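Peer 1:
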Ligand code: ADP
Ligand code: MG
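Numbering (our numbering), first residue to last: 3 to 152.
1) Quick one: using the 10 Å Cβ neighbour count with 16 as the cut-off for buried, is residue 19 buried or exposed?
2) Is it buried or exposed, residue 145, if we count other Cβ atoms within 10 angstroms and call 16 or more buried?
3) Is there at least one non-hydrogen atom of the ligand ADP closer than 7 angstroms to the beta-carbon of residue 108?
4) Can you tell me whether residue 76 is buried or exposed, with buried defined as 16 or more other CB within 10 angstroms of its CB?
5) Whose CA, out of 45, 12, 129, lies closest to the CA of residue 137?
6) Within 10 angstroms of the Cβ of residue 116, are there 16 or more other Cβ atoms? Answer buried if so, exposed if not.
7) What residue range does the alpha helix (DSSP H) around residue 43 cover?
8) Let's test the definition: count the other Cβ atoms within 10 Å of the Cβ of residue 9 and tell me whether it reaches 16, buried, or not, exposed.
9) For residue 58 and residue 49, what's the separation of their Cα atoms in angstroms?
10) From which residue to which residue does the alpha helix (DSSP H) around residue 15 run?
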């Protein structure tokens, strides 16, 4: 079941990412969907913070992922926002790369038929200064306690 959380400031989105980090384990695939400026990168910064990663998170250049290994769990951050077709995901081999860590992929609105069955979609919607952030579990993600985020 999807969970919706409304944040009303950048700090709240950062904090939500930090709380979300506690749910992550190795091999996780998380797709962050929403238009530019919706808060995806800010959320990933919160996740990195929650994982104890010291580096500041910036958007990886188009199609390039960045790997952070100094936290409790390796974090692979990719930004494929401008990727034309979700089918290209397989070419990225992000899942392989992230086998020992968590993969967070910033995406546009198209969400991936080609993602593995077990994945989480986090959808970011802009509502004035607020953001409505929906967590949509697929496959075994349904067994995670997303309710703890609310
Ligand atoms: P994206 O990666 O989705 O393009 P960013 O995280 O880079 O988005 O940027 C989000 C922008 O929206 C930032 O400039 C941030 O300050 C602003 N913002 C305003 N309100 C919020 C909010 N509630 N949550 C997240 N970001 C917000
Ligand atoms: Mg971004």
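Don't be surprised by glycine CBs; every beta carbon is placed ideally from N, CA and C.
Just so we're clear, the structure is a prediction, and the values are computed from it rather than from any experiment.
Peer 2: In short:
1) As a first step, residue 19 is located in the chain shown; it is residue number 17 there, counting from the start. Looking at its Cβ environment, which holds 16 or more other Cβ atoms inside 10 Å, residue 19 is buried.
2) For this step, residue 145 is matched to residue 143 along the chain shown. By the 10 Å Cβ count, residue 145 comes out exposed.
3) For the purposes of this step, residue 108 is identified with residue 106 of the chain shown, where counting begins at 1. Checking the Cβ of residue 108 against the ligand ADP gives yes.
4) For this step, residue 76 is matched to residue 74 along the chain shown. Residue 76 should be labelled buried.
5) Here residue 137 refers to the residue found at position 135 when the chain shown is read from its first residue. Of the listed residues, the one whose Cα sits closest to residue 137 is 45.
6) For the purposes of this step, residue 116 is taken as the residue at position 114 of the chain shown. Per the 10 Å Cβ criterion, exposed.
7) Within the chain shown, residue 43 is the residue found at index 41, counting from 1. Its alpha helix (DSSP H) spans residues 42-52.
8) Residue numbering aside, residue 9 sits at position 7 when the chain shown is read from its first letter. Buried is the call here.
9) Locating residue 58 in the chain shown gives position 56, counting from the first residue. Locating residue 49 in the chain shown gives position 47, counting from the first residue. One C-alpha to the other measures close to 11 angstroms.
10) As a first step, residue 15 must be located in the chain shown, where it is residue number 13. Here the alpha helix (DSSP H) through residue 15 covers 12-23.
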